[in-house]
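The structure under discussion appears below in the form of structure tokens.
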Amino acid sequence: MAPSVSSSSVSVTPLRARGYHAEQMSDAMLARAARAGDAEAFAALIDRHARVCIRYATRMLGSHQDAEDVAQETFLRAHRALARYDEAMSFRTWLMSILINRCRTSLLHRRRRAARVVLDERAVDEASVESSASDAALRDAIERALSRLDPDQREAFLLKHVESLSYEEMSTVTGVGISALKMRVRRACERLQLLLEEDRYA
Amino acid sequence: MRDPRDGNRELSPRLRAAIQVLKESSAPDATWRAELLRRVDGSNVDVIQIATRPAPRRWSLRPSMAIAAGLVCALLGAGTSAALLLSRRSEPRVAAESGVLPVRFQLVAPDAGQVSLVGDFNRWDPVALPLRRSADGRTWELEVRLRPGRYSYSFVVDGRLARDPAAPQEAGDDYGSPNSVLLLRGS
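So the sequence lines, in the order shown, correspond to chains A and B.
With my numbering applied, the first sequence covers 3 to 204.
With my numbering applied, the second sequence covers 1379 to 1565.
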């Protein structure tokens, strides 16, 4: 009854065995190797992009724990969907589009909980060497201000000003038109500036 | 002409400073990475299973579990020397299942603090497949799903490689490291 198994087993020569080092390979090469079943290549892609994914999700969701969960989901989905990855798009852009969707879904699921944007505690620790009281105040202030933004605006603002995507890339990853994105970024910036000023004199 | 930075210069100094704060990032911790790699390994297997069998069942509950059981009673002293009392509990059996075969690894190591499984199936990554201490507090267990094939593997007991004494075969070609070999045949 059981179908033959041997036909489905995949033989992969890992990159390392072929004399490659992941650091020297482009994302596209790693993605191709990962698609062929090379787990090491996928691990290299994780190592390359995890920081950014966790940063974005942390700022977007306001919870480092939720961000780590969402980032894991993102990589898992990417891994399952590798066969459908179109190399016309950069791997980073493709990954961001998955990440953005996971973040949106996560926000929908937790709507009842008050969204609170927290900063990555470890990043704060690392940066604390040069930090001063005013830096700490600024951290608190931007945290509060971000959490008060509409999620659409927060998303557009983070992609533009923190992740430094172009409007074309933003449109690809969000599925939103460029002019609408520009409007969101502008409104987000205006609101954040206002909130930051209010906070300063509160 | 539009500023290529899309108006960053229009931002107030305070918002620009805040953006720098938001750009701080830190590397994910090792447990996050290990957990993700473990889940990626699992999802790999799932894809193959879905391709060969339309209705996968929860493998952890299946009674016809294939068992490749190695029992190592490890009396570990000071983390350096290990006296191994070895006994075989059961013959390795292969489940009459298609595709991926559930395999249970067991190790009796009451004094061990950490046990993991390394092998060809996980790139010998010492953190990817930790064994869990069972209820009796003496036995460490892990169930993994493997495709038919020949695998060199070993346990890592508190950082030291420990051969599985109940393994079907010993590795003859692995440069003298204490590896075992598991041969899984497809049904």
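We put the beta carbon where it would ideally sit given N, CA and C, even for glycine.
This one's a predicted model, so the numbers in the text were calculated from it and none came from an experiment.
Nearest to residue i (by Cα), restricted to the options the options
| i | options | result |
| --- | --- | --- |
| glycine 64 of chain A | B:Val1478, B:Pro1406, B:Asp1419 and B:Leu1400 | B:Leu1400 |
| threonine 176 of chain A | A:Ala41, A:Arg156 and A:Arg57 | A:Arg156 |
| arginine 1511 of chain B | B:Asn1500, B:Leu1485 and B:Asp1536 | B:Leu1485 |
| serine 1530 of chain B | B:Ala1408, B:Asp1514, B:Leu1509 and B:Arg1501 | B:Arg1501 |
| leucine 101 of chain A | A:Arg57, A:Arg141 and A:Glu89 | A:Arg57 |
| threonine 60 of chain A | A:Gly179, A:Ala43, A:Ala30 and A:Glu165 | A:Glu165 |
| glutamate 70 of chain A | B:Asp1407, B:Pro1391 and B:Val1481 | B:Asp1407 |
| serine 181 of chain A | A:Ala158, A:Leu140 and A:Ser136 | A:Ala158 |
| leucine 109 of chain A | A:Met62, A:Ala80, A:Leu183 and A:Ser136 | A:Met62 |
| serine 1558 of chain B | B:Trp1518, B:Ala1412 and B:Val1496 | B:Val1496 |
| glutamate 25 of chain A | A:Asn103, A:Ala36 and A:Asp49 | A:Asp49 |
| glycine 1491 of chain B | B:Pro1508, B:Arg1482 and B:Asp1503 | B:Pro1508 |
| leucine 47 of chain A | A:Met172, A:Arg104 and A:Trp96 | A:Trp96 |
8 Å Cβ cutoff met for residue i and residue j
| i | j | result |
| --- | --- | --- |
| leucine 197 of chain A | arginine 1417 of chain B | no |
| alanine 33 of chain A | tyrosine 87 of chain A | yes |
| glutamate 1519 of chain B | proline 1480 of chain B | no |
| arginine 1523 of chain B | valine 1478 of chain B | yes |
| alanine 1487 of chain B | leucine 1415 of chain B | no |
| alanine 85 of chain A | arginine 37 of chain A | yes |
| histidine 163 of chain A | isoleucine 1397 of chain B | yes |
Nearest-angstrom Cα separation, counted from residue j out to residue i
| i | j | result |
| --- | --- | --- |
| arginine 202 of chain A | valine 187 of chain A | 22 Å |
| aspartate 1489 of chain B | leucine 1539 of chain B | 15 Å |
| methionine 98 of chain A | arginine 1525 of chain B | 32 Å |
| alanine 41 of chain A | leucine 1389 of chain B | 43 Å |
| arginine 94 of chain A | arginine 1516 of chain B | 46 Å |
| leucine 148 of chain A | valine 72 of chain A | 19 Å |
| methionine 185 of chain A | valine 178 of chain A | 11 Å |
| aspartate 152 of chain A | arginine 1392 of chain B | 20 Å |
| leucine 1560 of chain B | proline 1504 of chain B | 18 Å |
| arginine 146 of chain A | alanine 35 of chain A | 43 Å |
| serine 1532 of chain B | arginine 104 of chain A | 37 Å |
Bridge partners - residue i, DSSP secondary structure assignment
| i | result |
| --- | --- |
| tyrosine 1531 of chain B | B:Gly1497 and B:Ser1558 |
| proline 1508 of chain B | B:Ser1494 |
| arginine 79 of chain A | Answer is none; arginine 79 of chain A lacks a bridge partner. |
| arginine 1538 of chain B | B:Val1535 |
Check distances from the C-beta atoms of the stretch 47-68 of chain A to those of chain B and list, in chain order, the residues that come in under 8 Å. Within the stretch 47-68 of chain A, the residues whose Cβ lies closer than 8 Å to some Cβ of chain B are Ile48, Asp49, Ala52, Arg53, Val54, Ile56, Arg57 and Arg61, listed in chain order.
Output needed in chain order: residues of the stretch 174-204 of chain A with a Cβ under 9 Å from some Cβ in chain B. Listed by position, the residues of the stretch 174-204 of chain A near chain B (Cβ gap below 9 Å) are Lys184, Val187, Arg188, Cys191, Leu194, Gln195, Leu198, Glu199 and Arg202.
Can you give me, in chain order, the residues of the stretch 72-98 of chain A that have a beta carbon less than 7 Å from any beta carbon in chain B? Closer than 7 Å at the C-beta level to chain B, one finds these residues of the stretch 72-98 of chain A: Gln74, Phe77, Leu78, His81 and Arg82.
Residues in the stretch 149-163 of chain A with C-beta within 7 Å of chain B's C-beta atoms, listed in sequence order? Flagged, chain order: Lys162 and His163.
Residues of the stretch 1485-1514 of chain B whose Cβ lies closer than 7 Å to any Cβ of chain A, in chain order: The residues in question are Arg1501.
Listed in chain order, which residues of the stretch 1387-1409 of chain B have Cβ atoms closer than 7 Å to some Cβ of chain A? So the close ones are Leu1389, Ser1390, Arg1392, Leu1393, Ala1395, Ala1396, Ile1397, Val1399, Leu1400, Lys1401, Glu1402, Ser1403, Ser1404, Ala1405 and Pro1406.
When Cβ atoms are compared, which residues of the stretch 29-43 of chain A fall closer than 9 Å to chain B? Within the stretch 29-43 of chain A, the qualifying residues are Gly39, Ala41 and Glu42.
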